Amino acid sequence: MMQSLLSWKGPFQLSKLYENRIPYGAGVYKLLADANDPNSVVYIGAANNLRTEYQREIEVNAQVRIAKASAFSFAETPFPNDQAEKLIEAFRRRHGRKPALNSGF
Numbered sequence: 011m012m013q014s015l016l017s018w019k020g021p022f023q024l025s026k027l028y029e030n031r032i033p034y035g036a037g038v039y040k041l042l043a044d045a046n047d048p049n050s051v052v053y054i055g056a057a058n059n060l061r062t063e064y065q066r067e068i069e070v071n072a073q074v075r076i077a078k079a080s081a082f083s084f085a086e087t088p089f090p091n092d093q094a095e096k097l098i099e100a101f102r103r104r105h106g107r108k109p110a111l112n113s114g115f
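My numbering puts the first residue of the sequence shown at 11, with every later residue one more than the last.
Written as structure tokens, this is what we have:
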């Protein structure tokens, strides 16, 4: 399975303190409800620029009264969209549903 080839980094709290740890490259990412629980995935996404996406998630999280995500985990990959689709499908097979914030896919 392709996802086993990914080298995941994090999770990093959604905070400007960790911005410099997120690369500018393309990749896939997971938003976690709890940084201490790698199974608390609420969203799986693709990004052409992981740092820009991380910064956007910090802003979104600051504006939402009830934060659904508190941490960001990522893996660099040259084909982020294809990889994200595979990760979402693997999540669905394992849990019987997509991550909560991917339900619109």
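Don't be surprised by glycine CBs; every beta carbon is placed ideally from N, CA and C.
Note that this is a predicted model, so its numbers are computed, not measured.
Residue span of the alpha helix (DSSP H) that contains residue i, given as start and end
i   : result
E67 : 60 to 73
Y97 : Before going on, a small fix: residue 97 reads as Leu here, not Tyr. Here the alpha helix (DSSP H) through L97 covers 90 to 105.
Local conformation of residue i per DSSP, three classes
i   : result
I32 : coil
K26 : helix
A85 : strand
Limits of the beta strand (DSSP E) - the one that residue i falls within
i   : result
A56 : 51 to 57
L41 : 37 to 42
K78 : Looking at the DSSP string, K78 is not in any beta strand (DSSP E), and its letter there is neither H nor E.
Residue i vs residue j beta-carbon contact at 8 Å
i    : j    : result
E52  : F101 : A small fix is needed here, since residue 52 is Val in this sequence, not Glu. No. Outside cutoff.
A85  : V38  : yes
A116 : G20  : Here the chain has residues from 11 to 115 only, and residue 116 is not among them.
L97  : I54  : yes
Cβ shell of residue i (< 7 Å), same chain only, five flanking positions each side left out
i   : result
D47 : none
P88 : A36
Y28 : F22
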